[in-house]
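Residue numbers (my numbering): 27 to 371. Glycine included, C-beta positions come from ideal geometry on N, C-alpha and C. To start, the structure itself, in structure tokens.
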Amino acid sequence: MAHLRSQNALGNGTETSSPRAEHFLPPWRYAVLLICFTILFFLLLAGGLWLVNHFGFVEIQKVDDSTRILAAIIALAGSLAGSLATLLGLLLKDAMDHRTLQLKELTEAQRAQEARAAEERLRMDTCVKAVELMGPIDDGSSADLRRAGALMALNSLGQTEFALGLLDEVWSQNSVPPTTAVLLIENALASIDPSLQNGAAATLRKHAERLLTSDGGFVWPKAVAVDKLCLQAASWTLEALIRCLLARERDHWPAEPINDALVLAVQFMSHSGTRSPAAQAANVISTWVLSRIERDDPSAAFYAQVLQTADSIISEGPTFATQGGSMPILLDSLRSWASTPTGRE
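Spelled out as structure tokens, the structure:
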């Protein structure tokens, strides 16, 4: 059974800190700096006045002159003190605004972390519940539906790889509806993750005979764009299609499902990795169908066109060197499947 995809441990969350926290000083440090600058300013002012008086740059001859100079100095100092007080208020307000912003960012980060932790707990609980539902259930009438619902719940929570692992187990026991299995595989094949595509294609290939339905048809992940599949996934998905055809005797196939299989083979002819083997499969199917219908049949022209296109691709040469696996053997089996006489012929 596949393991859970790597998840962040709930108790090992990264400590969240505000990106602005280290760029601003606490408010009390602003006040200390301002006081220091104020003291330094008055020291420099007093020293300057002493030097002016000591070296005689300004001679105070009358008391009135001394009083006026002292008054001017006091007025200047008061004005500077008021300006410094205003500056101090602005600095404190700016520091408080930054601190408020830091607290807001920190609160939002903590809430986001709590939301992620809750989501992880939900996923873990769902996974555990899904594993429980995969086991034996007393009321067999609803067992398959419960398992199907568990698999789709895992897929909706992003646990597609884990769901594929569970699907591989229960599908081997026919404990899940084929439509649910194909829907899950379809979602994985539509992913841009090559590992998910490969896992889904491998599951589809392994259980290809379980794609058959009681009405003579088969279920298939038709909403997948073949040209978006990676090389391995495309090859295994084409193998699944061929295995599905081989799982039922040739003359037990109705015409419509065979047409669907041929259309799928034509789609695989557009993928660079499956171009040649898909063309050979389409050649076999279209040749067999043409041998069974009348020349004036309306669909004969379509099969003839497919056969012509497939033959032109086959003439380019095989590409089994890049395919590997069991594709050549499957194509030989498909040829035998299409050419072996039956009691109806």
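Taking the beta carbon of residue 278 as the centre, do at least 16 other beta carbons fall within 10 Å, making it buried, or is it exposed? exposed
### Task
Assign residue 142 to buried or exposed, taking buried as 16 or more other Cβ atoms, counted over all protein chains shown, within 10 Å of its Cβ.
exposed
| Can you list, in chain order, the residues of its chain whose CB lies under 8 Å from that of residue 326, leaving out five sequence neighbours each side? | Cβ neighbours of residue 326 beyond the five flanking positions: 316, 319 and 320.
Checklist entry - Should residue 214 and residue 186 be called a contact, given that it needs their Cβ atoms to be closer than 8 Å? => result yes
Practice prompt. Just mark residue 251 as buried or exposed, buried being the case when its beta carbon has 16 or more other beta carbons within 10 Å.
Written response: exposed
task: Taking only the alpha-carbon atoms, compute the straight-line gap between residue 131 and residue 125 and give it to the nearest angstrom.
output: 10 Å
Practice problem: Use the C-beta contact count for residue 220: other C-beta atoms within 10 angstroms, 16 or more gives buried, fewer gives exposed. | Solution: exposed
Straight-line CA distance for residue 128 to residue 117?
16 Å
| query | DSSP on residue 132, reduced to helix/strand/coil? | reply | helix
Checklist entry - Got a sec? Which residues, its chain only, sit under 7 Å from residue 398 by beta carbon, not counting five neighbours each side? => result Nothing can be reported for residue 398, as the shown portion of the chain is limited to 27 through 371.
Next item on the list: On the DSSP bridge assignment, give the partners of residue 238 in chain order.
Entry: 244
Cβ-based burial, residue 311 [other Cβ within 10 Å; buried from 16]
buried
Worksheet item: I think residue 223 touches residue 259, with their Cβ atoms under 8 Å apart; what is that distance to the nearest whole Å?
Response: 4 Å
| task | Measure from the alpha carbon of residue 182 to the alpha carbon of each residue in 201, 145, 200 and 199, then state which is nearest. | result | 145
Rounding to the nearest angstrom, what Cα-Cα distance links residue 189 and residue 177 in this structure?
5 Å
query = Can you list the beta strand (DSSP E) stretches of 3 or more residues lying completely in the stretch 262-292, in chain order?
reply = none
(message) Just verifying my parser: in three-state terms, what is the DSSP assignment at residue 216?
(response) coil
Taking just the CA atoms, how far does residue 235 sit from residue 339?
28 Å
Residue 65 classed as buried or exposed, judged by whether at least 16 other C-beta atoms fall within 10 angstroms | exposed
task: State the DSSP-derived secondary structure class of residue 342, mapped to helix, strand or coil.
output: coil
Less than 8 Å between the C-beta atoms of residue 262 and residue 301, yes or no? no
*Between the CA atoms of residue 209 and residue 341 - distance to the nearest angstrom*: 36 Å
Helix, strand or coil for residue 88? Go by DSSP, reduced to three states. With a pLDDT of only 49 at residue 88, under 50, the local geometry of the prediction cannot be trusted, and the value read off the model is given with reservation. Residue 88: coil per DSSP, three-state reduction.
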